[in-house]
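Residue numbers (the numbering used here), protein chains in the order written: chain A, 435 to 583; chain B, 10 to 174.
Backbone N, C-alpha and C fix where the C-beta goes; we use that ideal spot for every residue, glycine too.
Predicted model, so just to flag it, every value in this text is computed and none were measured.
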Amino acid sequence: MHLELEQFNRLLEDRATTAECAAWTDHILDCKACAQRYKFLAAFQASWQAAFAAEAQDQVIEMKPSASRLRRVGTWLAAAAAIVVFAVATWPSQPSTTETTDVAQHLAAPDFQTGQVLAMVADINFKSAVQAWGQETTALDLVQIKNKP
Amino acid sequence: MTDNFEALVAQYHRLVMSLLYRYYGGRLQQDAEDVAQEVWVKIWRQLKKNESNIVDPKSYIYRTVQSCAWDAVHRLNQRADVTAALPSDPSAEATEQVDSRDQRDRRLAMDQMIASLPADEARMVRAYLQGFNYAETARLLGCSEGRVRNLLTRIKKKLVIEGGN
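Put into structure tokens, the structure is as follows:
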């Protein structure tokens, strides 16, 4: 008697008991037809599993573009965020001034002569030179300087 | 239901055909179309009876393809048996008888040698003689391919030393 399809399936899917497994294996090893059937059924099962493994692999590959798309969107978002941060950081802190008087008007009608300007410059220079006088040059400062080792 | 069936056919028909073409060493190549048709008819009937019967379509298709292919191979074997039963050339039969006697003697000697081996090793040799490769033997006997390879190499050496070939 040859083995039935269900017996082969139980053997191939490890659903047989130890005793059944031993008996059927012995039969397969003795019977040429059953040995051949077992081989083809095992090959058939392997092909089927391989086909579904390949299908699953294809699904993973199909998933990949969406993941890369997400990565790309993330990159763009990060770039946009960086631009916003840069723009905020470099935004002028002082408010922009608006000219209330026309510059050309000043140039056209100067209020003072060149000599007066020079005198004003000299005055400003003098004042800035004199401004620091007295600072760190008090009697106390002098004493401290003197006492320094 | 029709949509479900069409989706199954669209998804699995190519796979079913490729499996049938390869099944049993390509013996079903001629009948692959018919067997595939039989598979889909069976699935259609099952869906028609009760759609919820097919919980896992993948597994159901596998079983259906397997049973249809199994039946198809049986039909082929029966046809082959009928052809073989036809009377053949008597001189060829005489040569075959001489060959078979010689083969029987060799087989007896081999059986005696196999009987002297431990049970595990004897099974491996029997599998080898049945034309199982290492992977198939490992699967059938539930051990690793490496173990099969090692043991068979060792057994072959042992048998050669004891006078077999």
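Neighbour flag for residue i against chain B, beta carbons, 9 Å
| i | result |
| --- | --- |
| F486(A) | yes |
| T459(A) | yes |
| A453(A) | no |
| F478(A) | yes |
| L437(A) | no |
| A469(A) | yes |
| S502(A) | no |
| W482(A) | yes |
| I633(A) | Examination of residue 633(A) is not possible in this model, given that chain A is present from 435 through 583 alone. |
| F474(A) | yes |
| L511(A) | no |
Rounded straight-line distance, which links the Cα of residue j to that of residue i
| i | j | result |
| --- | --- | --- |
| E15(B) | V74(B) | 17 Å |
| L117(B) | D43(B) | 44 Å |
| Q112(B) | N142(B) | 22 Å |
| A573(A) | Q550(A) | 39 Å |
| L24(B) | C455(A) | 30 Å |
| D114(B) | L17(B) | 55 Å |
| I123(B) | D448(A) | 27 Å |
| F486(A) | W510(A) | 37 Å |
| M554(A) | Q565(A) | 16 Å |
| Q38(B) | D12(B) | 29 Å |
| K167(B) | N159(B) | 12 Å |
| V91(B) | I170(B) | 44 Å |
| N443(A) | R506(A) | 48 Å |
| A556(A) | Q547(A) | 14 Å |
| L475(A) | W79(B) | 9 Å |
| F478(A) | H22(B) | 16 Å |
| T452(A) | Y472(A) | 18 Å |
| A19(B) | V50(B) | 15 Å |
| A128(B) | Y71(B) | 35 Å |
| G508(A) | V519(A) | 16 Å |
| A523(A) | S562(A) | 35 Å |
| A514(A) | W525(A) | 16 Å |
| L504(A) | Q483(A) | 32 Å |
| A488(A) | I517(A) | 44 Å |
| S61(B) | M119(B) | 55 Å |
| Q578(A) | L552(A) | 40 Å |
| Q121(B) | A89(B) | 33 Å |
Proximal residues to residue i (C-beta, below 6 Å), its chain only, five neighbours per side dropped
| i | result |
| --- | --- |
| V82(B) | Y33 |
| C77(B) | V44, E47, V48 |
Presumed contact (8 Å Cβ cut-off) between residue i and residue j, rounded CB distance
| i | j | result |
| --- | --- | --- |
| A457(A) | H436(A) | At roughly 13 Å, the Cβ-Cβ gap does not stay under 8 Å, so A457(A) and H436(A) are not in contact. |
| R132(B) | L161(B) | Actually they are not in contact, since the Cβ atoms of R132(B) and L161(B) sit about 11 Å apart, beyond 8 Å. |
| A136(B) | L445(A) | That pair is no contact at about 14 Å. |
| R36(B) | L85(B) | 6 Å |
| Q139(B) | A469(A) | 4 Å |
Residues near residue i in its chain [Cβ-Cβ closer than 7 Å; skip 5 each side]
| i | result |
| --- | --- |
| Q87(B) | none |
| E154(B) | Y143, A144, A147 |
| I63(B) | Q55, L56, Y69 |
| W53(B) | F14 |
| A41(B) | M26, L29, Y30 |
| L126(B) | V134, I164 |
| D460(A) | none |
| E130(B) | L160, I164 |
| P66(B) | L17 |
| R110(B) | none |
| L439(A) | none |
Beta carbon proximity, residue i to chain A, threshold 9 Å
| i | result |
| --- | --- |
| Q75(B) | yes |
| R113(B) | no |
| K165(B) | no |
| Y69(B) | no |
| A78(B) | yes |
| V64(B) | no |
| V82(B) | yes |
| L149(B) | yes |
Contact set for residue i: own chain, Cβ-Cβ below 8 Å, skip 5 residues either direction
| i | result |
| --- | --- |
| N559(A) | none |
| A405(A) | Any answer about residue 405(A) is impossible in this case: the structure gives chain A only from 435 up to 583. |
Residue i Cβ short of 8 Å to the ligand MG heavy atom set
| i | result |
| --- | --- |
| W510(A) | Absent from the structure shown: the ligand MG. Ligands present: none. |
Please name the residues in the stretch 115–144 of chain B whose beta-carbon is closer than 8 Å to at least one beta-carbon of chain A, in chain order.
For chain A, the residues of the stretch 115–144 of chain B that bring a beta carbon within less than 8 Å of one of its beta carbons are R132, R135, A136, Q139, G140, F141, in chain order.
Review point. When you check each C-beta in the stretch 18–51 of chain B against every C-beta of chain A, which residues fall closer than 8 Å?
Key: Those would be L24, S27, L28, R31, Y32, Y33, G34, in chain order.
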